[in-house]
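Engineer: Sharing a structure here in structure tokens format.
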Amino acid sequence: MSNIQIIAFIYLHRFLHHFMHFQHTAVHIFTVW
Numbered sequence: 015m016s017n018i019q020i021i022a023f024i025y026l027h028r029f030l031h032h033f034m035h036f037q038h039t040a041v042h043i044f045t046v047w
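Residue numbers (this note's numbering): 15 to 47.
Written out as structure tokens, the structure is:
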């Protein structure tokens, strides 16, 4: 793989991780309400 592909993969992984964390937090807040 080229460097661009590696960087894109890392950014995509970080984005998905943050999105999953945000979704989990939103669900937790929603259930608390």
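Heads up, the beta-carbon is just placed ideally off N, CA and C, and yes, glycines get one too.
Which value, in whole angstroms, describes the spacing of the CA atoms of N17 and L26?
Structural biologist: 14 Å
Engineer: What residues in its chain sit with their C-beta under 8 Å from that of H35, if we drop five residues either side in the sequence?
Structural biologist: none
Engineer: How big is the Cα-Cα spacing for A22 and F33?
Structural biologist: Going by C-alpha positions, A22 is about 16 Å away from F33.
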